[in-house]
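*Asks:*
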Amino acid sequence: MLGAAAAALGLVAAVNATMDPFQQYRLATSHEPRFYALHHRFINPGIATHAAYETALIGSSIMESTPNDIIAAACGGPAVNLSMPAISAAEIRTMLRTVFRTHAPRRVIVVLDFNAFAGLPDERQDSAGPLPSYLYDGNVLNDLPYLLSGTVLRKSISILLGRHDEPFRTDANAPWFWADRMHFGRQEVLRGLDVAHLNARFRQPARTLAGMRASFEHNVVPLLRNHPGTRFDLVWPPYSMLVWLDFAQRDQLDVTLAFKRYVVEVSHALGNTSVVDLQAHAEITTDLDRYMDIYHFGPAVNRWIIERICAGEDRVDPAGVDAYERRLREELARYKAPTARAVQ
Amino acid sequence: MLFNSYEYLIYFLPITALGYFALGGHARWAVRWLVVASLFFYAWWNPAHLPLIGASILGNYWVARRIQRASSGRPFLIGGVAANLALLGAFKYADFFLRTVSDAGLAPLVQLNLALPLGISFFTFTQIAFLVDVHRRKATEPSFDNYALFVTFFPHLLAGPIIHHSEMMPQFASTTNKRVAWENVGPGLVLLTIGLAKKVFLADPLVPLVAAGFDHAATVGTPEAWIAALAYTLQIYFDFSGYTDMALGAALIFNIRLPINFDSPYRALDLRDFWHRWHITLSRFLREYLYIPLGGNRASEPRVLANLLITFLLGGLWHGAAWTFVCWGALHGVGLCWLRVWSRMGVTLPRSVAWAATFTFVVVTWVFFRAHSLADAEALLRAMTGASTPAATSATGVREALSGLWNAQPAAVLAMLAGLAVVFRRRNSNALVRGASPSWLVAAATATALTVSVLQLSNVAPFLYFNF
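Chains as they are written, first to last, in our numbering: chain U, 1138 to 1481; chain E, 383 to 850.
(1) Give me the Cβ distance between Asn1409 of chain U and Leu1361 of chain U, rounded to the nearest whole Å; I'm assuming they're in contact under 8 Å.
(2) Do you know offhand how far Asn1218 of chain U's Cα is from Thr1203 of chain U's?
(3) For the region 535 to 568 of chain E, which residues have a CB atom closer than 9 Å to at least one CB atom of chain U, in sequence order?
(4) Using only the alpha-carbon positions, how far apart do Leu470 of chain E and Val1332 of chain U sit?
(5) Looking only at its own chain, which residues have a Cβ that is under 6 Å from the Cβ of Met1429 of chain U, when we skip the five neighbours before and after it?
(6) Take every Cβ of the region 648 to 656 of chain E, pair it with every Cβ of the region 597 to 611 of chain E, and state whether three or more of those distances are shorter than 8 Å.
(7) In terms of residues, what are the limits of the alpha helix (DSSP H) holding Ile1080 of chain U?
(8) Let's see if you can read the secondary structure: which residues bound the beta strand (DSSP E) around Ser1108 of chain U?
(9) Below 8 Å between beta carbons: does that hold for Val445 of chain E and Leu612 of chain E?
(10) Ala825 of chain E touches chain U at which residues, Cβ-Cβ below 7 Å?
(11) Would you say Pro490 of chain E touches the ligand MN, meaning its beta carbon is less than 7 Å from a heavy atom?
(12) I need the DSSP call for Trp710 of chain E, collapsed to helix, strand or coil.
(13) Under the three-state reduction of DSSP, which class applies to Phe458 of chain E: helix, strand or coil?
(14) My assumption, with CB atoms under 8 Å, is that Leu540 of chain E sits in contact with Phe507 of chain E. Please give the rounded CB distance.
(15) Counting only C-beta atoms, is Phe1438 of chain U closer than 8 Å to chain E at any point?
(16) State yes or no: is the C-beta of Glu1191 of chain U within less than 8 Å of the C-beta of Arg1230 of chain U?
(17) Counting contacts by CB-CB distance shorter than 8 Å, is Ser840 of chain E in contact with chain U?
(18) Where does Asn841 of chain E sit, in a helix, a strand or coil, going by DSSP?
(19) Where does Thr833 of chain E land, buried or exposed, given buried means 16+ other C-beta within 10 angstroms?
(20) Would you list, in sequence order, the uninterrupted beta strand (DSSP E) runs of no fewer than 3 residues that lie entirely inside the region 1332 to 1396 of chain U?
(21) Per DSSP, what kind of secondary structure is Asn849 of chain E in: helix, strand or coil?
(22) Let me see if you follow: with CB-CB separation under 8 Å, is Leu1352 of chain U close to chain E or not?
(23) Taking 8 Å as the threshold (C-beta atoms), are Asn643 of chain E and Pro543 of chain E in contact?
(24) Can you grab the Cα-Cα spacing for the pair Gln1160 of chain U / His1334 of chain U, in whole Å?
(25) Can you tell me where the alpha helix (DSSP H) holding Ala1311 of chain U begins and where it ends?
(26) So who's on the other strand from Tyr1428 of chain U, going by DSSP bridges?
(27) Which residue marks the beginning of the beta strand (DSSP E) containing Ala1193 of chain U, and which one marks its end?
(28) At a CB distance below 8 Å, what residues from the region 1282 to 1314 of chain U approach chain E? Give them in sequence order.
(29) Quick one: complete beta strand (DSSP E) runs, 3+ long, within the region 411 to 452 of chain E?
(30) Between Pro524 of chain E and Tyr390 of chain E, what straight-line distance do the alpha-carbon atoms span, to the nearest angstrom?
(31) Does the CB of Ala1241 of chain U have a neighbour CB from chain E at under 8 Å?
(32) I'd like to know whether the C-beta atoms of Leu531 of chain E and Val413 of chain E end up nearer to each other than 8 Å.
(33) So with CB distances below 9 Å, who are the chain E contacts of Leu1146 of chain U?
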């Protein structure tokens, strides 16, 4: 009985390794690649390992709708977008370790999200689901949960038979692009929103400066320090102004700005890192037609972000951080939030 | 390392068994191999706790030798038991005690935040029992290797069964047990497979149902509250008994018979019967090393009732450092006291009524065991009685709840129905293995179940937060 079970499991492992639905051992060439909806954490380590690139982008869901060729055109050389929804600082560390284990990228763009630094340094968001860390370490011996998974076997058979029984994208240039499935515009942003209590809908966690600093020092600083030959851009993305209003309502504004100041100071001292701050561009952040909710902007803004990063715009150093902070505070003070009638 | 992990099933168990039998001709080295493998198994999760279990084994062995050699070993016994309890207290109960003191307003809150070493309750109890029996001149162990294996033997190390030296030492000392015995390997694999299948197909799918009730205790409706309590009743049984089956099966592959821990507990006809069927080795430990030393049955009636209550209060606390566990233990203690009084009245219930009363009591008390807090337990119990959401107790409310459940969680509902059928209608795993004779059918069924169970172990779950 042991022999029969071992043979059956061996056969399953062979089928899964050959079809390799999550592209862990090679990029899909014998069949059209399948980027299964919301399976970023299972597929991205394979892309990071096997794709050819000189520039890597990583961020949260707001950066997923950034095709690789846009990054490549703006920054030069082949590029890859490894963004994942609800990414945490610990996951940024894990993902970039995979990148550096297999590549020596010329440039790494890390689009920062304040929530990624909430909680303890190794904390992940519940909604993110499990992180298959065994797929990130390059050790084939611990890949058994992938090779011997019934779920993966079903996907392998589906590929083998050419069935399309679950949603997936096939565009390797933009595997996680979602903007074509969403509606953008002021009405979308304001739908169901209580402008007086913005966190009622978004339920973002409270953050402390000490906690965010600890997470940054644990998860990000070692990467910057250990790879002096790589150019890092740490980017603050242009959330809508309603996000800053939410921070102010929750008494998180000063903490957030203090953390931004800290990131500039630490990064500047390293020499290989720039901080790019796009959060004081009122022409973007107050134009709600560019957004689908208070955080997520459309693909035109994604392109704008990448182009500004690679053009070296909006870099902040310790000498300029006061001016950026002042500008943001002034824009927030000037901002006229939508009224209850507008929301209706 | 968990029994239901790939590293255990595919790497650790086969390599350990091969090494053990390869060294079978050199009994001492086979035992040492098993000790090293067991310590590796233990350290897999957190190597930092290896020195702790090492020191515990060395310390207890030294104390046992001193008790044996001294004319009066009592001071060593007291010192040894106190040291074991201090270790357990520091790691498991110190923060609970400090929090309780703080909650009572007696001192500001201070927490040690020590990581709880895996299996500390099990290896501490095992060794306390050994010291007591050495002092009673009922036990002796000259071989340190065998003693170390007695404590660390990986099948029982993390979650029992709680073993007794008298049933284990002869097996560890036997040289014939170091050779492959296919008549044990076969049933061992069958038992291991049954345990794995229980965990994968009957326990794990119930998690969403349990979470839906216990994680939202304040707002849950009556049908959902009962479903959550019943689902947890099944989940904890299949999880724990499945784990135990895997432990017994793995041990049997090494020609070691561990004591059974479960014997169809939900078929019990009264609470005493339940505790003869549920976590049997813990009941045995509590009876022999706590209840009887307290005076047991040989005392005045009030004292017997007090002994029962104390035993179950401490039994509850053994399960975890929280008031919910204390309450669970207290309820069972009170239940057993009531049963004792009832029995003396000479009233006998019909079997079906006795079973229903016992099962309902067990389901209700599990609420305390699983709830996050006493407040949550109270809220869930209120929901179960319909006190919090009376509308949901109507026939329409119940029908809607069940229909919604089927639509949302069909796998969990199927697991629940299958679980109920297994619990009430089928022979339990030990009876199945005892009664099975080797055949191609058993082998084919086991191979299939093992393969399918292994394929279900990993959970490829996508990102959950669809709406950003």
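Backbone N, C-alpha and C fix where the C-beta goes; we use that ideal spot for every residue, glycine too.
*Replies:* In brief:
(1) Right, the Cβ-Cβ distance comes to about 7 Å (below 8 Å), so this counts as a contact.
(2) 7 Å
(3) Val567, Gly568
(4) Straight-line Cα distance between these residues: approximately 52 Å.
(5) Met1319, Phe1321, Glu1325
(6) no
(7) Outside the shown range of chain U (1138 to 1481) lies residue 1080 of chain U, about which nothing can therefore be said.
(8) The structure shown has nothing for residue 1108 of chain U, since chain U only spans 1138 to 1481.
(9) Contact check for Val445 of chain E against Leu612 of chain E fails: the beta carbons are separated by 8 Å or more.
(10) Met1138
(11) Absent from the structure shown: the ligand MN. Ligands present: none.
(12) helix
(13) Helix at Phe458 of chain E.
(14) Not confirmed; about 13 Å, so no contact.
(15) A small fix is needed here, since residue 1438 of chain U is Val in this sequence, not Phe. Closer than 8 Å: no.
(16) no
(17) yes
(18) coil
(19) Result: buried.
(20) Complete beta strand (DSSP E) runs here, min 3: 1368 to 1373.
(21) Unreliable positioning characterises Asn849 of chain E in this predicted model, as indicated by a pLDDT of 39, which lies under 50. A coordinate reading is not provided.
(22) For clarity, residue 1352 of chain U is Ser in the given sequence; the question names Leu instead. Output row for Ser1352 of chain U: interface = no.
(23) yes
(24) 43 Å
(25) It is not in any alpha helix (DSSP H) - Ala1311 of chain U carries neither H nor E in the DSSP assignment.
(26) Beta-bridge pairing links Tyr1428 of chain U to U:Phe1434.
(27) First-last of the beta strand (DSSP E) with Ala1193 of chain U: 1192 to 1195.
(28) Cβ contacts with chain E come from Pro1282, Tyr1283, Leu1285, Ser1286, Gly1287, Thr1288, Val1289, Leu1290.
(29) none
(30) 32 Å
(31) no
(32) yes
(33) Going along chain E in sequence order, the residues near Leu1146 of chain U (Cβ under 9 Å) are Ile392, Leu832, Thr833, Val836, Leu837.
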